[in-house]
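To start, the structure itself, in structure tokens.
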Amino acid sequence: AQTVTQSQPEMSVQEAETVTLSCTYDTSESDYYLFWYKQPPSRQMILVIRQEAYKQQNATENRFSVNFQKAAKSFSLKISDSQLGDAAMYFCAYNPYNTDKLIFGTGTRLQVFP
Amino acid sequence: DGGITQSPKYLFRKEGQNVTLSCEQNLNHDAMYWYRQDPGQGLRLIYYSQIVNDFQKGDIAEGYSVSREKKESFPLTVTSAQKNPTAFYLCASSIPGTLNTEAFFGQGTRLTVV
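Chains A and B are the protein sequences, given in the same order.
With our numbering, the residue at position 81 of the first sequence is 81, and numbering never jumps.
With our numbering, the residue at position 57 of the second sequence is 1057, and numbering never jumps.
What follows is the structure, given as structure tokens:
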């Protein structure tokens, strides 16, 4: 079965510092997509970053970047220069190629301290 | 503005009653989804639909029913057979296919059984 594991239920970071959220997944597929979603207190899910498995280059979006290790099935999110607005639940998600299914991890709650 | 609208935001139900959650989108997306979110369990897929008049069960479909009579609408009925219906429900839509799979989410409905 395809699963996504986020082993850090909670993380905290000081404002302006860097934090890394972990995600591992289990699949026998070679082609797929990976996502990080942010869920702030408003509960609206917001796409943070996306990675195609066939691309070796790690995706980046401004202060957000990923470390994609395909062989290790690892997909961590690095947030640089953390801001108070980054405080939220972060979900890692896996999308098997040629399907419309999103498989989510259990989430990591990120707290940002001033 | 294009987006997904879920209503109501909060819903209370007496035990033994069926209740229907609304989800409407004007993004012209063919695929729509219903997820259930419980603390510590992430998002779990209830039902999804890739085209009008067709839908498939997700991982936790028991006690739920859906219909897809219009492209824009994908209502979810929580029936009395659902043993633990109190949860946060999220609706999403996406463009089907493999290269542009990015789910857009509504703001959710919080269902409480009283």
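Glycine is no exception: its CB is placed at the ideal position from the N, C-alpha and C atoms.
Cut-off 6 Å between Cβ atoms - residues of its own chain near residue i, not counting five sequence neighbours on either side
i, result
"F68/A", "Q51, N58 and F75"
"S12/A", "Q111"
"I1038/B", "With the sequence shown as reference, residue 1038/B is identified as Asp, and Ile is not the correct amino acid for it. A1087, listed in sequence order."
"R1044/B", "R1036, D1059 and I1060"
Limits of the beta strand (DSSP E) - the one that residue i falls within
i, result
"G1042/B", "G1042 to I1051"
"V1066/B", "Y1064 to V1066"
"E52/A", "I46 to E52"
"V1113/B", "T1109 to V1113"
"T99/A", "Element bounds for T99/A: n/a, residue is neither H nor E."
"I1004/B", "I1004 to S1007"
"S80/A", "Note, S80/A: premise wrong, no beta strand (DSSP E); not H, not E."
"F68/A", "F64 to Q69"
"E10/A", "E10 to Q14"
"C1122/B", "Because residue 1122/B is not part of the residues shown, which for chain B are 1001 to 1114, the question remains open."
Best match in the options for proximity to residue i [C-alpha to C-alpha]
i, options, result
"V66/A", "T99/A, A1/A, V13/A and Y37/A", "Y37/A"
"V48/A", "A1/A, T3/A, V4/A and A88/A", "A88/A"
"A1/A", "G107/A, I103/A, R109/A and S82/A", "I103/A"
"P1008/B", "V1114/B, Q1107/B and V1113/B", "Q1107/B"
"S82/A", "Y54/A, G105/A and P114/A", "P114/A"
"T1079/B", "Q1006/B, V1052/B and E1062/B", "E1062/B"
"Y1089/B", "G1003/B, E1015/B and V1019/B", "V1019/B"
"T1077/B", "Y1035/B, Q1025/B, I1004/B and G1042/B", "Y1035/B"
"Y33/A", "D86/A, D100/A, E61/A and G107/A", "D100/A"
"F35/A", "P41/A, A16/A, V4/A and D86/A", "V4/A"
"N1026/B", "I1060/B, S1093/B and R1068/B", "S1093/B"
"K1014/B", "N1084/B, S1065/B and D1059/B", "N1084/B"
"C1023/B", "G1016/B, T1112/B, K1070/B and A1081/B", "K1070/B"
"S1067/B", "T1112/B, V1114/B and V1052/B", "V1052/B"
"E1102/B", "Y94/A, R109/A and G105/A", "Y94/A"
"K70/A", "T27/A, T20/A and P9/A", "T27/A"
Other residues of its chain near residue i: CB distance less than 7 Å, five sequence neighbours each side excluded
i, result
"Y1010/B", "R1110"
"E29/A", "P96 and Y97"
"Q1050/B", "D1030, A1031 and P1096"
"S80/A", "T18 and R63"
"I46/A", "Y37 and K38"
"G107/A", "Q6, M89, Y90 and F91"
"L84/A", "E15, V112 and P114"
Cutoff 8 Å; reference residue i; Cβ partners in own chain excluding five residues on either side
i, result
"S7/A", "S22 and T24"
"L1099/B", "Caution is warranted here: a pLDDT of 48 is assigned to L1099/B, below 50, making its placement in the model unreliable, and the coordinate value is therefore given only provisionally. Around L1099/B: no qualifying Cβ."
"Q1056/B", "Y1047, Y1048, S1049 and Q1050"
"A1081/B", "E1062 and G1063"
Classification of residue i by the beta-carbon crowding that lies within 10 angstroms, buried from 16 upward
i, result
"Y1033/B", "buried"
"F91/A", "buried"
"G1040/B", "exposed"
"L77/A", "buried"
"Q1017/B", "exposed"
"F1074/B", "buried"
"Y54/A", "exposed"
"G1116/B", "As displayed, chain B neither begins before 1001 nor continues past 1114, which places residue 1116/B out of reach and without an answer."
"Q1006/B", "buried"
"T14/A", "The question names Thr, but residue 14/A in the sequence shown is Gln. Exposed, because fewer than 16 other Cβ atoms sit within 10 Å of the Cβ of Q14/A."
"F1105/B", "buried"
CB contact check: residue i to chain D, cutoff 9 Å
i, result
"M11/A", "As a matter of chain content, chain D is missing from the structure shown, whose protein chains are A and B."
Residue i Cβ short of 8 Å to the ligand MG heavy atom set
i, result
"G1063/B", "With respect to the ligand MG, the structure offers nothing, as it holds no ligand at all."
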